[in-house]
Amino acid sequence: MSLHPNTLEPTHFLWSFADGVATVTLNRPERKNPLTFESYAELRDLFRELEHTSEVKVVILTGAGGNFCSGGDVHEIIGPLTRMDATGLDGFTRMTGDLVRAMRACPQPVIAAVEGVCAGAGAILAMASDLRIAAPDAKTAFLFTRVGLSGADMGACAILPRIIGHGRAAELLFTGRAMSADEGERWGFWNRVTDDAQGEAMVLARSLANGPTLAHAITKRQLDAEWNVSVETALDMEAEAQAECMQTNDFRRAYEAFAAKRVPEFKGD
């Protein structure tokens, strides 16, 4: 995939781009937007390309037709997996993990705007996003155990406990039960619950896109990089990261704007 934000024409999802904000819409509403082998791969490739696409400042990930994503398509993924050999299965699970890896590695903040069903791999996509906004009807289920699989899927055992805590993550991953929107907000999975999840996500995305996007990229990088280091190491890492930010034109322009009592204009350089 060669990504130019104004001309991208993906096969397995909808894409729109304006004012620095790209919107990726999973678009199989008649099936509640399940994923296929091909859509997994295309999403992975998209997020990999975003690492080199500075025009895109923020990404919104959402679903069409009032649902987010129902997970892997039962007929197009689950069935074929039962007939696949060990090599094929390993290739599939590594490919799905690479989608999460690409979402975490791209410099843009990723905002999940979730309505309705958010299950299986759909719940993972929401989890792997940087920010999550839900409608009141959002029902999120890491339902792998329902089909005889472990909760150890696409980084869930590493990432979910860091968002909602070990005990709560363990409950969802062992039982596969649905987490309501209110429960998810109380637990910190959702940043907010609102009647207009997609609209709120766009307002937030535009605000971030108008901010210091290079600094945002560094914040995202450090949030991941500092998961497994001591506070002492984190202090050193953040000293280096902030010194890097202090060399940007955005920092200089912001100082000049504040000194002149003007609103700063950030350009991401």
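Take the sequence shown: its letters are residues 1 to 269, numbered as in our numbering.
We put the beta carbon where it would ideally sit given N, CA and C, even for glycine.
Simplified DSSP assignment, three categories, for residue i
| i | result |
| --- | --- |
| Phe-266 | coil |
| Arg-28 | coil |
| Arg-83 | coil |
| Cys-157 | helix |
| Ala-119 | strand |
| Leu-149 | coil |
| Gly-71 | coil |
| Ala-259 | helix |
| Ala-141 | strand |
| Ala-105 | helix |
| Ala-113 | strand |
| Ala-254 | helix |
| Ala-286 | Since the first residue of the chain shown is 1 and the last is 269, residue 286 is not available in this structure. |
| Asp-130 | coil |
Residue i vs residue j beta-carbon contact at 9 Å
| i | j | result |
| --- | --- | --- |
| Ile-60 | Thr-23 | yes |
| Thr-62 | Ala-105 | no |
| Arg-253 | Asp-19 | no |
| Met-154 | Thr-96 | yes |
| Phe-92 | Phe-37 | yes |
| Thr-25 | Ala-64 | yes |
| Glu-200 | Ile-159 | no |
| Ala-152 | Leu-172 | no |
Backbone CA spacing between residue i and residue j [nearest angstrom]
| i | j | result |
| --- | --- | --- |
| Cys-118 | Ala-141 | 7 Å |
| Arg-31 | Thr-145 | 21 Å |
| Asp-130 | Arg-177 | 23 Å |
| Val-231 | Leu-223 | 13 Å |
| Pro-212 | Asp-236 | 22 Å |
| Arg-101 | His-166 | 21 Å |
| Gly-79 | Thr-233 | 46 Å |
| Tyr-255 | Val-263 | 10 Å |
| Met-1 | Lys-261 | The predicted position of Met-1 is uncertain, since its pLDDT is 48 and thus under 50; a value taken from the coordinates is nonetheless stated next. Cα-Cα distance, rounded: 44 Å. |
| Trp-187 | Ala-156 | 16 Å |
| Asn-27 | Tyr-40 | 13 Å |
| Leu-214 | Glu-51 | 12 Å |
Own chain residues within Cβ distance below 7 Å of residue i, not counting five before or after
| i | result |
| --- | --- |
| Pro-136 | Ala-181, Val-193, Asp-195 |
| Gly-66 | Glu-115, Gly-116 |
| Asn-210 | Phe-266 |
| Leu-125 | Leu-61, Cys-69, Ala-112 |
| Ala-241 | Ile-218, Gln-222 |
| Glu-238 | Gln-222 |
| Gln-108 | Leu-50, Val-56, Lys-57, Val-58, Val-59 |
Contact set for residue i: own chain, Cβ-Cβ below 8 Å, skip 5 residues either direction
| i | result |
| --- | --- |
| Asn-249 | Lys-267, Asp-269 |
| Leu-89 | Leu-81 |
| Glu-318 | Here the chain covers residues 1 to 269 and nothing more, so residue 318 does not appear. |
Any non-hydrogen atom of the ligand HEM closer than 8 Å to residue i Cβ
| i | result |
| --- | --- |
| Gly-20 | Ligands displayed in this structure: none; no statement on the ligand HEM is therefore possible. |
Cβ neighbours of residue i in the same chain (closer than 6 Å, five flanking residues each side left out)
| i | result |
| --- | --- |
| Met-29 | According to the sequence provided, residue 29 is Pro. The question's Met does not apply to it. For Pro-29, where only same-chain residues beyond five positions count, the Cβ hits under 6 Å are Ala-64, Gly-65. |
| Asp-73 | Pro-34, Thr-36 |
| Glu-55 | Pro-5 |
| Thr-175 | none |
| Gln-270 | No answer is possible for residue 270: it lies beyond the span of the chain, which begins at 1 and ends at 269. |
At 3 residues or longer, what runs of the beta strand (DSSP E) sit wholly inside the region 165 to 249? Qualifying beta strand (DSSP E) stretches, in chain order: 178 to 180.
Uninterrupted alpha helix (DSSP H) stretches inside the region 1 to 66 (no shorter than 4 residues): 37 to 50
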